[in-house]
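Q:
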Amino acid sequence: MRILSSEMKPLVSLDQHEAAQLGNQLFRFASELYPICRSISGDGLRRTLRLIGEHIPITISEVPSGTVVFDWTVPKEWNIRDAYIKSPSGERIVDFHKSNLHVVNYSTPVRAVMSKEELQPHLHSLPDYPDWIPYRTSYYKEDWGFCLSHNQLLTLKEGNYDVCIDSTLADGHLSLGESYFPGRTSDEILISCHACHPSLANDNLSGLTVAVHLAQLVEKLRSDHHFSYRFLFIPGTIGAITWLARNRETASQIRHGIVLTCIGDKGNFHYKKSRRGNADIDCAVAHVLSHTPGSPEILDFFPYGYDERQYCSPGFNLPVGCLMRSVWGTFPEYHTSADNLDFIAPLKLAESLGVCAAVFDVLENNTRYRNLQPFCEPQLGRRGLYRSAGVNSMPDEINARLWVLNQSDGQHTLLDIAERAGLPFATIREAADLLAASELLEVVSENPARDGASQAARNE
Amino acid sequence: MRILSSEMKPLVSLDQHEAAQLGNQLFRFASELYPICRSISGDGLRRTLRLIGEHIPITISEVPSGTVVFDWTVPKEWNIRDAYIKSPSGERIVDFHKSNLHVVNYSTPVRAVMSKEELQPHLHSLPDYPDWIPYRTSYYKEDWGFCLSHNQLLTLKEGNYDVCIDSTLADGHLSLGESYFPGRTSDEILISCHACHPSLANDNLSGLTVAVHLAQLVEKLRSDHHFSYRFLFIPGTIGAITWLARNRETASQIRHGIVLTCIGDKGNFHYKKSRRGNADIDCAVAHVLSHTPGSPEILDFFPYGYDERQYCSPGFNLPVGCLMRSVWGTFPEYHTSADNLDFIAPLKLAESLGVCAAVFDVLENNTRYRNLQPFCEPQLGRRGLYRSAGVNSMPDEINARLWVLNQSDGQHTLLDIAERAGLPFATIREAADLLAASELLEVVSENPARDGASQAARNE
Amino acid sequence: MRILSSEMKPLVSLDQHEAAQLGNQLFRFASELYPICRSISGDGLRRTLRLIGEHIPITISEVPSGTVVFDWTVPKEWNIRDAYIKSPSGERIVDFHKSNLHVVNYSTPVRAVMSKEELQPHLHSLPDYPDWIPYRTSYYKEDWGFCLSHNQLLTLKEGNYDVCIDSTLADGHLSLGESYFPGRTSDEILISCHACHPSLANDNLSGLTVAVHLAQLVEKLRSDHHFSYRFLFIPGTIGAITWLARNRETASQIRHGIVLTCIGDKGNFHYKKSRRGNADIDCAVAHVLSHTPGSPEILDFFPYGYDERQYCSPGFNLPVGCLMRSVWGTFPEYHTSADNLDFIAPLKLAESLGVCAAVFDVLENNTRYRNLQPFCEPQLGRRGLYRSAGVNSMPDEINARLWVLNQSDGQHTLLDIAERAGLPFATIREAADLLAASELLEVVSENPARDGASQAARNE
């Protein structure tokens, strides 16, 4: 996939100005989606998927409530028009239209007047962060409630409150968004992000935004890529479970996968490895991050988190990891009103996009070559491929050529070589291109993605 | 072995008061054995085995002197009634009845009057610890001698000394004590401790005491355990060699084994791995110690030490490690009169017993399960097995359930899972019990102890 | 090869005085070779090989210019008689007879009068080290030039300079020196060093000197050694390529190999591993260095450097590493007139020789034994092989016996045992000799050098 490679490369080596432009473009899209009240079902989710569909081709599947998906059942559909608490003096003191976080997501309809004491058990706040509104849900237990800042909670006086949640919870559908870009083979790369959170920017408009832009890049290649690419924009947990239940055949085509979440903030990159721990995606992301500024961290798999939990359940054991900047649950803004547009940054979104593009570059071009002059070194000098006489230091690009020639015995992929040489994959790939053009290399295997089944067997 | 498990668990989670009570009980037993003059043969050893027999069923085998056991020969039996040195003025200045360490163990009989110069080569002291009496033996070279404090040695005046060792060294027997508790299978767990040292508390009344109490715990289970348990109370080196020579068939049944020595002092735990280095017992002890307070250390195998040397000789290569607190030979009190009852502590004995019980718990319950809902996560919430809504933190017990479900693909044992999750085995075992009760797990292998032979093949 | 072992051992344990004597002997040989103007071909190289031939039997092969060797062609032969620059006042200001580094090696003949401006592009100096003359070559591009100190360059005045290089570059031969000492088997140990550098002491008279002395040690053994030894004294790069092209059959006999370069300076030892990374030679050198004073460093393989590049090209993938003290290219004196006889030290040459001898000792004597008393420990005491009674500490030589007995199950070599025991190979070998003499061990495999092919298969 040379074209992808050359399409993608500029992303990795953007100058400050270009990165700022790209970042702004990504940030605008996130801003557009920000106000919508999403949930795991309903019109907010649908509207989000339709807005995505304005940028990339998307298929929206509607799965009826009550459908059994493995151990789960698709829940009723939730929709909301309005919600408020009016003070004893009749003022809308908590107002859904000011922030959709004010309502516990999936709240059942309510229309009542009640005392402060009756209301209290339905109110949620964060004493430690008294200005922030928490984000709460109650998907699988019928309940209702409001979220508000702790400072506001403290001002509530005795008296009767007019409480209204104008929602519906009724049979309907769960909506799944999917974009598929066929490549030269049916082997797939999966990019999955949850699209169910309301006005929260890092979690997970950042993921949606980067995924949509990646899909645009892939689309531009017009199928001239080895892998087929599948992007999922789905509600967390139940969406992944539903998709997997309806696509078990398709799932077996997934060769590499990545869940994108919390990738717009200013924290360092974190990559959580797949359950396999040494899948190609794990090696590719670790490699790309090791050549990314900052102090990226690689985390071992653990069975809680986002939808990698489902992809990595033992029945599937798919090679799917999770790319984050700050890790969900570890920063105080997580699942609060402070995870707003100020919490993410245009440049950080652009950088995350660049990392994903570099990972695709590795996966697409991880070729195995054979050195056609394997006995002693070929004479690079007469081909103009060696350093100038008298120069003692070894520039990276010459070094890369020597590594590729030395290691290309038909066994090592370019990623193996990049890792052993301690050089970025792109430097190694460029060396291989040049040597292949000089007829010093032949391709042994275009894309030796390790087979999922044999990989699993190896691990366990 | 759920019963063992529930019998054992309290030991691990004793409160301060209970631990003190248990410790006192252990300490009393050690105190009872302390005054006896033991050796590798003779009546002191026999009396010790008979005292053990008052607490647990024990079989005592008597092996005649002269019996050839592999490369060795069972020595003559040694007994001693009295020994002393009388000063020129007729005073008993060194008296066996004050401390049995005063006589070099296995000293031949002596009855003589000799000058200070003649006596001197037979006297042993510790110039660096002038108040302590050393412990010396001469099992395989006929000799005699006295041990005394260096301070006392310095006070000896010129003159004639009346020297008496009223011992016998004659054909007799070597005594081996053995307690066997059959389980559901003939696969064995071996607990071995040397019972040949005279008045030395840590080395090895601590080992004897803990072993006897462990045997009482096993006995209470009335055979409702997977493994058969064999406890050996034997003289060091020659006892292990003799037992192995007479029990080669039995030895091949040993699946896990541990030598207990120096486990009553205040030092940190040390576990010396078996020659295999990655036997189940090595993994189980390392796991339990990693969740034990203090700074336990795991030592690689080395071919000197106590009876693990024999069990780990290349012809047997049994999976037998050695549990210690302070390592023999590394503390100054070792093999001196300072290894007395003050050097061990009731609470430390109780703690060592708890560690052993926890190790048995791992070995007995190291089940492999298969997740019966392996495709995506099962819905724990509707089974009351998930955390409350709105709680972001993940309590250990929920975390353990997710790990067990994720890893139970029929390949991983609960110990594998506990290690990967970084959680104590007991937490993982409890999660598995709960999930199995909810019919989310089925047993694949009750007790997948790795076979000794195949394990050895893997190592080498 | 007990004889090699005992011949070699004194080298490892020389006292200060003996080491000084040996060092002086080595240094004298290096001094004798120092003034000669060597190159990758020509009479300086031939004279060097003939001087080596005065110490050891050597075969000199002459390969005609134009011979195709893999991807390369043997170049024309270069010879030089004189070269100078005369100042406008007629003074020889740059004089080949003062230092052969003054002429760019392989300079074409020149006889001209030219202005300072015309001359300037042909002058090379080191601004950072203004007193030193750089060493420059132009083997594969016809060119000419002079090297001089930067201070001298700065003194050059305007005017006409008389420039003379009295060299010839014409069809001739490339000379390869080779010394072969057949052993009991045709399996070979290769020692290779480049002999093409002119007056540079560390790079590589140090390597030549140590290799010649090693060959003398081997010769003294009169074929009573397991391996055959092959020493190559060849021009760098083209010499190794030419030798490999003409000796592909022979190359397949190489079981262990080492390139010697820069081993006379005062730096710490560095060993660069073979491409395989875990060949026996890699393990043997790492072991010997781990018991050598200083802070030796083990470097992973990389595909630039000296002739290990050719031996480790993927078509050959021979187990050949490179022993150095300071690493070429990393010290400022490298490839300058400051790499002179003052830069190397007699004692360091002697130490390097000792390391090589200890490595041969490991390779020759890396036997696998079987313990003939594998069930429990044999009774060492009655054979006088154990420590005295009452001694608690464990001297290394007793410790070594216990390790050899414990690990000699027919699987572990003495090097495996030395590594596991943390003891020097020689201590382990001596223990094995003693135990074998006591009929406690039998030889399983005299010299279980791992086969190159299967080793390669294992790695990749």
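Protein chains in written order, with the numbering used here: chain A, 172 to 631; chain B, 172 to 631; chain C, 172 to 631.
Ideal placement from N, C-alpha and C gives every residue a C-beta, glycine not left out.
Taking all protein chains shown into account, do 16 or more other C-beta atoms lie within 10 angstroms of the C-beta of residue 492 of chain B, making it buried, or fewer, making it exposed?
A: Here residue 492 of chain B refers to the residue found at position 321 of the second sequence. Answer is buried; the Cβ neighbour count reaches 16.
Q: Going along the chain, which residues of the stretch 283-316 of chain B sit with their C-beta nearer than 9 Å to a C-beta in chain C?
A: Residues passing the 9 Å Cβ filter: 295, 305, 307, 308, 309, 310, 311, 312 and 314.
Q: For a test of the three-state rule: what should DSSP assign to residue 442 of chain A, helix, strand or coil?
A: Translated into the one-based positions of the first sequence, residue 442 of chain A becomes position 271. Residue 442 of chain A: strand per DSSP, three-state reduction.
Q: With a threshold of 16 other CB atoms inside 10 Å of the CB of residue 391 of chain B, please say whether the residue is buried or exposed.
A: In the second sequence, the residue the question calls residue 391 of chain B occupies position 220. The residue in question, residue 391 of chain B, is exposed, as its Cβ has fewer than 16 Cβ neighbours within 10 Å.
Q: Work out the CA separation of residue 537 of chain A and residue 172 of chain A for me, nearest whole Å.
A: Locating residue 172 of chain A in the first sequence gives position 1, counting from the first residue. Locating residue 537 of chain A in the first sequence gives position 366, counting from the first residue. Summary for residue 172 of chain A: the model assigns pLDDT 30, below 50, so the residue's position carries little reliability, and this model does not support an answer.
Q: So, helix, strand or coil for residue 363 of chain A, using DSSP?
A: Against the first sequence, residue 363 of chain A aligns to sequence position 192. If DSSP states are grouped into helix, strand and coil, residue 363 of chain A belongs with the strands.
Q: Just reading off the beta strand (DSSP E) that residue 249 of chain C is part of, what are its end residues?
A: Within the third sequence, numbered from 1, the residue matching residue 249 of chain C stands at position 78. 248-257 is the span of the beta strand (DSSP E), which, as asked, contains residue 249 of chain C.
Q: Quick check on this structure: which residue in C/451, C/437, C/417 and C/436 has the alpha carbon closest to the alpha carbon of residue 429 of chain C?
A: The residue labelled residue 429 of chain C in the question sits at position 258 within the third sequence. The option with the nearest alpha carbon to residue 429 of chain C is C/451.
Q: For the alpha helix (DSSP H) that contains residue 187 of chain A, what are its first and last residues?
A: The residue labelled residue 187 of chain A in the question sits at position 16 within the first sequence. Segment 187-204, the alpha helix (DSSP H) holding residue 187 of chain A.
Q: Leaving out five residues before and five after residue 271 of chain C in sequence, what residues of the same chain have Cβ atoms less than 6 Å from its Cβ?
A: For the purposes of this step, residue 271 of chain C is taken as the residue at position 100 of the third sequence. Hits under 6 Å: 208, 369 and 370.
Q: Closest by CA to residue 509 of chain B, which one among B/306, B/488, B/423 and B/199?
A: Here residue 509 of chain B refers to the residue found at position 338 when the second sequence is read from its first residue. Looking at the Cα atoms, B/306 is the closest of the given residues.
Q: Alpha carbon to alpha carbon, how far is residue 416 of chain A from residue 542 of chain B? Give it in angstroms, no decimals.
A: Position 371 of the second sequence, counted from the start, is the residue given in the question as residue 542 of chain B. Position 245 of the first sequence, counted from the start, is the residue given in the question as residue 416 of chain A. Computed Cα separation, rounded: 17 Å.
Q: Give me the chain C residues within the contact set of residue 487 of chain B, using Cβ-Cβ distance strictly less than 9 Å, ordered along the chain.
A: Numbered from its first residue, the second sequence carries residue 487 of chain B at position 316. In chain order: 545, 546 and 547.
Q: Using 9 Å as the limit for Cβ to Cβ distance, is residue 567 of chain C near chain B?
A: Taking the first residue of the third sequence as position 1, residue 567 of chain C is located at position 396. So, not an interface residue.
Q: Would you say the stretch 470-489 of chain A touches the stretch 543-557 of chain A, given that touching needs at least three Cβ pairs under 8 Å?
A: Not touching, per the Cβ criterion.
Q: Of all the residues that make up the stretch 211-232 of chain B, which are near chain C by a beta-carbon distance shorter than 7 Å?
A: Against chain C - using a Cβ distance shorter than 7 Å - the stretch 211-232 of chain B contributes no residues.
Q: List, in order along the chain, the chain A residues whose C-beta lies closer than 9 Å to that of residue 192 of chain B?
A: The residue given as residue 192 of chain B occupies position 21 in the second sequence. None at all; the shortest Cβ gap to chain A is about 40 Å.
Q: Assess contact between the stretch 401-417 of chain A and the stretch 500-508 of chain A, defined as three or more Cβ pairs (one per stretch) separated by less than 8 Å. Is contact present?
A: No, they do not touch.
Q: Within 9 Å of any Cβ in chain A, is that where the Cβ of residue 520 of chain B sits?
A: By 1-based counting over the second sequence, the position of residue 520 of chain B is 349. For residue 520 of chain B, the answer is no, since every Cβ of chain A falls outside 9 Å of its Cβ.
Q: I believe residue 440 of chain A touches residue 389 of chain A by the beta-carbon criterion, under 8 Å. Please report the beta-carbon distance rounded to the nearest angstrom.
A: Start at 1 with the first residue of the first sequence, and residue 440 of chain A comes out as number 269. Start at 1 with the first residue of the first sequence, and residue 389 of chain A comes out as number 218. In fact, because the Cβ distance is near 22 Å, the residues do not count as touching under 8 Å.
Q: May I ask you to report which of helix, strand or coil DSSP gives residue 356 of chain B?
A: Sequence index remark: in the second sequence, residue 356 of chain B carries index 185 (1-based). Coil at residue 356 of chain B, not helix or strand.
Q: Along chain A, which residues have their Cβ under 9 Å away from the Cβ of residue 280 of chain C?
A: As a first step, residue 280 of chain C is located in the third sequence; it is residue number 109 there, counting from the start. Simply none; closest approach about 19 Å.
Q: Would you identify the three-state DSSP class for residue 266 of chain A, choosing helix, strand or coil?
A: Taking the first sequence and counting its residues from 1, one reaches residue 266 of chain A at position 95. Here residue 266 of chain A sits in strand by DSSP.
Q: Please tell me whether residue 514 of chain B has its Cβ less than 9 Å away from any Cβ of chain C.
A: To locate residue 514 of chain B, count along the second sequence from 1; it is residue 343. It does not; no Cβ of chain C falls within 9 Å.
Q: Taking residue 584 of chain C as part of the alpha helix (DSSP H), name the residues at either end of that continuous run.
A: Within the third sequence, numbered from 1, the residue matching residue 584 of chain C stands at position 413. Premise fails: residue 584 of chain C lies in the beta strand (DSSP E), 580-584, not in any alpha helix (DSSP H).
Q: When you check each C-beta in the stretch 434-459 of chain B against every C-beta of chain A, which residues fall closer than 8 Å?
A: Here the close residues number zero.
Q: Beta-carbon separation of residue 327 of chain B and residue 301 of chain B under 9 Å?
A: Position 156 of the second sequence, counted from the first residue, corresponds to residue 327 of chain B. Position 130 of the second sequence, counted from the first residue, corresponds to residue 301 of chain B. Contact flag unset, no.
Q: Give the single residue among A/585, A/590, A/598 and A/592 whose Cα lies nearest to the Cα of residue 616 of chain A.
A: Taking the first sequence and counting its residues from 1, the one referred to as residue 616 of chain A is at position 445. For residue 616 of chain A, the nearest C-alpha among the options comes from A/585.
Q: Please report the residue range of the alpha helix (DSSP H) in which residue 541 of chain A lies.
A: As a position in the first sequence, residue 541 of chain A is number 370, starting the count at 1. Segment 539-542 is the beta strand (DSSP E) holding residue 541 of chain A; no alpha helix (DSSP H) there.
Q: For a contact meaning CB atoms closer than 9 Å, what does residue 415 of chain C contact in chain A?
A: The count along the third sequence starts at 1 and reaches residue 415 of chain C at position 244. The answer, in chain order, is 546 and 547.
Q: On the DSSP bridge list, what partners appear for residue 243 of chain A?
A: For the purposes of this step, residue 243 of chain A is taken as residue 72 along the first sequence, with counting starting at 1. For residue 243 of chain A, which the question treats as bridged, DSSP gives the partners A/240.
Q: Flag this pair as yes or no: are the beta carbons of residue 229 of chain A and residue 404 of chain A separated by less than 9 Å?
A: Mapped onto the first sequence, residue 229 of chain A falls at position 58. Mapped onto the first sequence, residue 404 of chain A falls at position 233. In contact: residue 229 of chain A and residue 404 of chain A (Cβ atoms closer than 9 Å).
Q: Got a sec: is the Cβ-Cβ distance from residue 603 of chain C to anything in chain B below 9 Å?
A: Numbered from 1 along the third sequence, position 432 holds the residue referred to as residue 603 of chain C. By this cut-off, residue 603 of chain C is not an interface position.
Q: Kindly list the residues whose CB is nearer than 6 Å to the CB of residue 238 of chain C, restricted to its own chain and excluding five residues on each side of it in sequence; keep chain order.
A: Position 67 of the third sequence, counted from the start, is the residue given in the question as residue 238 of chain C. Closer than 6 Å at the Cβ level, and outside the excluded window around residue 238 of chain C, lie 245.
Q: With DSSP as the reference, label residue 344 of chain B as helix, strand or coil.
A: Here the question's residue 344 of chain B lines up with position 173 in the second sequence. It is a strand residue.
Q: Cα separation between residue 332 of chain B and residue 261 of chain B?
A: Counted from its first residue, the second sequence places residue 332 of chain B at position 161. Counted from its first residue, the second sequence places residue 261 of chain B at position 90. Going by the C-alpha atoms only, they are around 8 Å apart.
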